[in-house]
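With my numbering, letter number 352 in the sequence shown gets 352, and the count goes up by one each step, no holes.
By construction, the Cβ of each residue, glycine as well, lies at the ideal position given by its N, Cα and C atoms.
Model, not experiment: these values are computed from the prediction.
Notes follow the structure.
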Amino acid sequence: MRSRIILWLFFAGPISFAANAQTYEFLEGKAFSEIIDLSEYYGIPNALFDAVSGVDAYRVIYTMPFLGEDITVSGVVFEPTDLDPLCAHPVHVYMHGTIFARSDAPSFLGYEGQIGYLMAALGFSVVMPDYVGLGLDDQRLHPYVHAESEALAGAHLINAIYTMDNPSGNSHDINQLYISGYSQGGHAAMALHRELQQNWPEYPVQASAPGSGPYDITGVQYPEIFAGEMYSRPSYLAYTALAWQSVYGNLYDSINEYFQEPYASQLEDLFDGETSTWEVNSALPYYLDDFVQMEAMDTLLAESSPFLAAANDNDVYDWIPDAPVRMYYCTEDEEVFYQNAIGAEEHMLNLGAENVEAIDLGAYDHGDCAGQAIFGATLWFHSQASICEGITSVEKPSIRTEDAPTIYPNPTRGHLMVNLENCKKLCRWEVYSTRGRLIQSGSGTVLPIQCLQAGAYIIYLPDHNVAKSLIVSRE
1 MRSRIILWLF FAGPISFAAN AQTYEFLEGK AFSEIIDLSE YYGIPNALFD AVSGVDAYRV
61 IYTMPFLGED ITVSGVVFEP TDLDPLCAHP VHVYMHGTIF ARSDAPSFLG YEGQIGYLMA
121 ALGFSVVMPD YVGLGLDDQR LHPYVHAESE ALAGAHLINA IYTMDNPSGN SHDINQLYIS
181 GYSQGGHAAM ALHRELQQNW PEYPVQASAP GSGPYDITGV QYPEIFAGEM YSRPSYLAYT
241 ALAWQSVYGN LYDSINEYFQ EPYASQLEDL FDGETSTWEV NSALPYYLDD FVQMEAMDTL
301 LAESSPFLAA ANDNDVYDWI PDAPVRMYYC TEDEEVFYQN AIGAEEHMLN LGAENVEAID
361 LGAYDHGDCA GQAIFGATLW FHSQASICEG ITSVEKPSIR TEDAPTIYPN PTRGHLMVNL
421 ENCKKLCRWE VYSTRGRLIQ SGSGTVLPIQ CLQAGAYIIY LPDHNVAKSL IVSRE
């Protein structure tokens, strides 16, 4: 069922089933033809989109611990509809990025929620937590980049979908659990992987692929921010301060200790869970001297600072993953600095980790890097997972895995060519960008890549009706 792997960027009364005070609520289904329409809308070439099923989306309402009490939160699971129900599906947990409005959470099926349909159409059950304070949780401020609550939101949603009665009829393979996320979601993905490894042995992680996350807030993210004159997302600074104050309670007596007027007095209203991302970002100045108190820039990361203690508590790189980890990053990222991934890789390897890698996707900014990272993670998981067989006419021709050509070295760093093994005689190939643009084509078992910039690509082999991901890094 791996005849073609994806190429994409990222982009009724409820039916409820309850178990142990947890609930599934049907949201919306997309038939296979609608999935194809969605992929076309986002510019995904049909020839390279390995959709095998329609998809139904369900909101999951469940409980999790937070600050000493059990609270009710929400998330969403996307279930394939056209695959063998007796076959247990692999599970892909996607941790979403920064949002300010609760209704932008994945279970409202907005911007990032649409990713779930495309991922699940490949044969995965796709799980996305909304996080504390987002989605249906309107009782508190979202604890932004708070590793513990991010991880527990993911872990308890995973536990819910493995243990609750499932209205889709699908079952889930406990030995095929994959985790990805981008931006804040990269931080959350790393926190979730650590949480599952340390405290949930019943849910072994097969691989994780965080993208452009602030893994080292203490040593990289905030020092890099304060080293410059301006920061493109001042909202992140305010979000973090307000969120950590709501969790720890000891960062400041007044928000004016951190931020200047006229902005400080506006922050509570801006971060009300209803204001859009655009509105929040537009209301705050890029120049740090206009926004952050000068004394705060000098003291926030001081040794005795409660902010530094909170930052240390939310760093997520100081552990040894048992399962493979790929951290995707881009060198022109102006929001989450790429040194987070470089430093995390070095630290984990020094601790003794054996399968951790930071992968350079090229000179892209934070927004343009997103598609590359999400795309790369999904391709990597798809290359490992066992996808269930189709039971309807949407099933596509497949090739035997042992007959599929291999590409090596992959990822490749500094090589001028890659090789195609086990290829048919003609061995035609086409190289596509993550935006669906044909870059070059040719034939033969040696594929020249000297003209390719660092990044993620698709190699499509029409004679085999198969596509392969290729990661190019330049040293």
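In the structure shown, residue 89 adopts extended strand secondary structure according to DSSP, grouped into three states. Fewer than three beta-carbon pairs drawn from the stretch 299-309 and the stretch 263-278 are found closer than 8 Å, and the two stretches are therefore not classed as touching.
In this structure, the beta-carbon distance from residue 210 to residue 128 does not fall below 7 Å.
Between the C-alpha atoms of residue 53 and residue 30 there is a straight-line separation of about 9 Å.
The beta carbon of residue 324 sits closer than 7 Å to those of 207, 355, all from its chain and outside the five residues before and after it, given in chain order. In this structure the stretch 161-168 does not lie against the stretch 139-147, because fewer than three pairs of beta carbons, one per stretch, are closer than 8 Å. Closest in alpha carbon position to residue 378, among 281, 462, 125, is 125.
By the beta-carbon neighbour count (other beta carbons within 10 angstroms, threshold 16), residue 201 is exposed. For residue 56, the closest C-alpha among the options 74, 63, 156, 32 is that of 32. Between residue 284 and residue 235, the gap from beta carbon to beta carbon is short of 7 Å. Residue 328 is bridged by DSSP to 211, 359. In the three-state DSSP reduction, residue 59 falls in the strand class (E or B). In the DSSP annotation of this structure, the continuous segment of the alpha helix (DSSP H) that includes residue 41 starts and ends at 32-41.
If one requires a minimum length of 4 residues, the alpha helix (DSSP H) runs lying completely within the stretch 239-289 are 267-270, 277-282, in chain order.
In this structure residue 87 is in contact with residue 389, their Cβ atoms being roughly 7 Å apart against a cut-off of 8 Å. The Cβ neighbour count for residue 451, taken over all protein chains shown within 10 Å, is under 16; the residue is labelled exposed. Residue nearest to residue 120 within the set 153, 154, 156, 178 is 178 (criterion: CA-CA distance). In its chain, beyond the 5 residues on either side, 100, 101, 104 have a beta carbon closer than 8 Å to the beta carbon of residue 276. In terms of Cα proximity to residue 167, the closest of 93, 60, 320, 94 is 60. Residue 73 is bridged by DSSP to 62. For residue 353, the three-state secondary structure derived from DSSP is coil. Going by DSSP, residue 299 is part of the alpha helix (DSSP H) stretching over 294-299. Residue 406 counts as exposed, since fewer than 16 other beta carbons sit within 10 angstroms of its beta carbon. Per the C-alpha coordinates, the member of 187, 181, 381, 456 positioned closest to residue 144 is 187. Remark: C-beta atoms of residue 107 and residue 77 do not approach each other more closely than 7 Å.
Restricted to the stretch 76-164, the alpha helix (DSSP H) segments that are unbroken, complete and at least 4 residues in length are 113-120, 147-163, listed in chain order.
When the alpha-carbon of residue 152 is set against those of 293, 68, 250, 386, the nearest one is in 68. If you check the CB distance, residue 457 and residue 467 do not come in under 7 Å.
Just so you know, the alpha carbons of residue 38 and residue 278 end up roughly 25 Å apart. Annotation for residue 322: 197 place their beta carbon closer than 7 Å to its own, counting only its chain and skipping 5 residues before and after. DSSP places residue 441 inside the beta strand (DSSP E), whose first and last residues are 438-443. Selection 455, 267, 222 evaluated against residue 281 yields 267 as nearest (Cα-Cα). Between residue 89 and residue 185 a beta carbon distance of about 22 Å is seen, past the 8 Å cut, so the two are scored as non-contacting. The three-state reading of DSSP puts residue 176 in strand, counting E and B together. Contact annotation: residue 336 and residue 214 have beta-carbon atoms nearer than 7 Å. Within its own chain, the residues whose Cβ lies closer than 8 Å to the Cβ of residue 218, once the five positions on either side in sequence are excluded, are 301, 308, 311, 312, 315, listed in chain order.
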